[in-house]
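**Student:** Sharing a structure, written as structure tokens. Questions coming.
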Amino acid sequence: MKEYNVAVAGATGVVGREMINVLEESGFPVKKLLPLASERSLGKEVNFKGNKIKVELLGEDSFKDIDIALFSAGASISKKIAPFAVQSGGVVIDNSSAFRMDKEVPLVVPEVNPQDAFKHNGIIANPNCSTIQMVVVLKPIHDMFGIKRVIVSTYQSVSGWGKEAVDQLWSELDEIVKNRQPLLKERVEKVLPHQIAFNLFPHIDIFTDDGYTKEELKMANETNKIMHADLGVSATCVRVPVLISHSEAINIELNKSATPEQIKEVLSNASGVKVMDDVAENIYPMPLYAAGYNPSYVGRIRKDSTIDNGIWLWVVSDNLKKGAALNAVQIAELLIKEKQ
Ligand code: NAP
Ligand code: 3JM
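Quick note: the sequence shown uses our numbering, first residue 3, plus one each step.
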């Protein structure tokens, strides 16, 4: 089997580390792994298949002989450096929002629009974490019953905002537990816009002029691009004091009527989805138990009788796995399968 030289730009971040885990876990045929990060990480090592590999400095010249470059060092770094990886002959799979809505760049979730991956000009974009876990569930429902409109509220974990946000939650919790006082007198870290321990806020990414946050607009725009559709999608994105896994309450207006049992049946046969729905036994997806696993878990499947053809779903998935690293590696797997 052919093996590939794979670079991970942002290898010391929460997504980059998970990318290296998933490359190992999935048995991706890696000839050489090249972990790249900033000067802050020089001297650090990553573990891959029992070996320790030195982190190197990410730069324009990092990509000689690299076949696949997985980027997760933020949108501005992707914009600046990804073109150099393409110039060196590699394919970039970019986890940031830098290129997602660019017409020349496919935005791919392998369970939904695998065919788009092959239309790339060197860069393929990985969607936003909240979008990915939602579209793997929406697609099979849309194919069967047609979706008109989606209203979604998210409950997003701190790891979605990177390792410093995770550190902020831990240090706030340390302080709060020490003082047995739920409100910090003074904020300890300044990565997230407010205290997150014992709190939540409807604010992810920056606000736009129309009152939505960019995260909310990403969910609407990316969903339609991936599904080649024109659905009404309206989101409220909320940061919650959870470490890993995003949760979503999704209200769907269908074109045709469907019973909750029919939706359950469709989702039970959908790839990348696992139905977990038995309220009599208190069974529904939860972030604590989704963390570390691959599927988009769905529960609380029920009718919304306040509208015609309304359905409610509760969807939970590990934002670092399917929401980021796993989806990126699955895109790479599509590309190498085509070459075999
Ligand atoms: P993180 O934990 O803060 O890690 C950031 C990574 O980028 C680190 O490896 C860091 O290296 C590196 N980096 C930062 N500035 C750099 C520079 N100037 N030069 C080289 N490397 C640099 O963040 P994360 O959560 O892993 O996310 C990283 C990015 O991935 C996000 O900004 C976002 O664009 C994207 N992301 C996408 C999704 C998704 O929805 N698919 C989810 C989460 C994140 P050092 O350790 O050396 O600083
Ligand atoms: C920058 O906070 C989250 O869970 C969203 C993930 C994220 C993104 C993204 O993927 O859209 C965090 C930080 C970005 C970005 O714009 O690239």
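Note that the Cβ used here is the ideal one computed from N, Cα and C, for glycine as well.
In or out: lysine 285 buried (at least 16 other Cβ within 10 Å) or exposed?
**Tutor:** Taking the first residue of the sequence shown as position 1, residue 285 is located at position 283. In the sequence as displayed, the identity of residue 285 is isoleucine instead of lysine. Classification for isoleucine 285: exposed.
**Student:** Which term fits valine 317, buried or exposed, when burial requires 16 or more other beta carbons within 10 angstroms of its beta carbon?
**Tutor:** Your numbering for residue 317 matches position 315 in the sequence shown. Buried, since its Cβ has 16 or more Cβ neighbours within 10 Å.
**Student:** Going by beta-carbon coordinates alone, are serine 247 and serine 319 separated by less than 8 Å?
**Tutor:** The sequence position of residue 247 within the sequence shown is 245, counting from 1. The sequence position of residue 319 within the sequence shown is 317, counting from 1. Going by C-beta atoms, serine 247 is nearer than 8 Å to serine 319.
**Student:** Is glutamate 250 helix, strand or coil by DSSP?
**Tutor:** The count along the sequence shown starts at 1 and reaches residue 250 at position 248. In this structure, glutamate 250 counts as strand in the three-state DSSP scheme.
**Student:** Since proline 204 and threonine 225 should fall inside the 8 Å C-beta cutoff, what is the C-beta to C-beta distance between them, to a whole number of angstroms?
**Tutor:** Counted from its first residue, the sequence shown places residue 204 at position 202. Counted from its first residue, the sequence shown places residue 225 at position 223. The pair is not a contact, with the Cβ atoms about 19 Å apart (cut-off 8 Å).
**Student:** What residues in its chain sit with their C-beta under 8 Å from that of glycine 312, if we drop five residues either side in the sequence?
**Tutor:** Indexing the sequence shown from 1 puts residue 312 at position 310. Closer than 8 Å at the Cβ level, and outside the excluded window around glycine 312, lie Asn253, Ile254, Glu255, Leu256, Lys305, Asp306.
**Student:** Name the one or two DSSP bridge partners that tyrosine 299 has.
**Tutor:** As a position in the sequence shown, residue 299 is number 297, starting the count at 1. BP columns for tyrosine 299 point to Lys276, Val318.
**Student:** Would you report the Cα separation of alanine 127 and isoleucine 95, rounded to the nearest angstrom?
**Tutor:** Taking the first residue of the sequence shown as 1, we reach residue 127 at position 125. Taking the first residue of the sequence shown as 1, we reach residue 95 at position 93. Near 6 Å, if we compare the C-alpha coordinates of isoleucine 95 and alanine 127.
**Student:** Which same chain residues, not among the five before or five after lysine 150, have their C-beta less than 6 Å away from its C-beta?
**Tutor:** As a first step, residue 150 must be located in the sequence shown, where it is residue number 148. Once the five neighbours on either side are set aside, the close Cβ partners of lysine 150 are Glu255, Asn257.
**Student:** Is the closest heavy atom of the ligand 3JM to the C-beta of tryptophan 163 under 7 Å?
**Tutor:** Counting from 1 along the sequence shown, the entry for residue 163 is found at position 161. Tryptophan 163 Cβ: within cutoff of the ligand 3JM.
**Student:** With DSSP as the reference, please indicate the residues paired to phenylalanine 30 in a beta bridge.
**Tutor:** Indexing the sequence shown from 1 puts residue 30 at position 28. In DSSP, phenylalanine 30 forms no bridge with anything.
**Student:** What are the residues that DSSP puts in a beta bridge with isoleucine 95?
**Tutor:** Against the sequence shown, residue 95 aligns to sequence position 93. Paired residues: Leu72, Ile126.
**Student:** Roughly how many angstroms lie between the CA atoms of leucine 38 and isoleucine 228, to the nearest whole one?
**Tutor:** Sequence index remark: in the sequence shown, residue 38 carries index 36 (1-based). Sequence index remark: in the sequence shown, residue 228 carries index 226 (1-based). Their Cα atoms are separated by approximately 29 Å.
**Student:** Should alanine 119 and alanine 71 be called a contact, given that it needs their Cβ atoms to be closer than 8 Å?
**Tutor:** For the purposes of this step, residue 119 is taken as the residue at position 117 of the sequence shown. For the purposes of this step, residue 71 is taken as the residue at position 69 of the sequence shown. Taking 8 Å as the Cβ cut-off, alanine 119 and alanine 71 do not qualify as a contacting pair.
**Student:** Are the Cβ atoms of asparagine 296 and lysine 323 separated by less than 8 Å?
**Tutor:** If you number the sequence shown from 1, residue 296 lands on position 294. If you number the sequence shown from 1, residue 323 lands on position 321. The answer is yes: Cβ separation under 8 Å.
**Student:** To the nearest angstrom, how far is the alpha carbon of valine 300 from that of alanine 13?
**Tutor:** Mapped onto the sequence shown, residue 300 falls at position 298. Mapped onto the sequence shown, residue 13 falls at position 11. Valine 300 and alanine 13 have their C-alpha atoms roughly 31 Å apart.
**Student:** Any heavy atom of the ligand 3JM closer than 7 Å to the CB of isoleucine 313?
**Tutor:** For the purposes of this step, residue 313 is taken as residue 311 along the sequence shown, with counting starting at 1. Because no heavy atom of the ligand 3JM lies under 7 Å away, the Cβ of isoleucine 313 does not count as near it: no.
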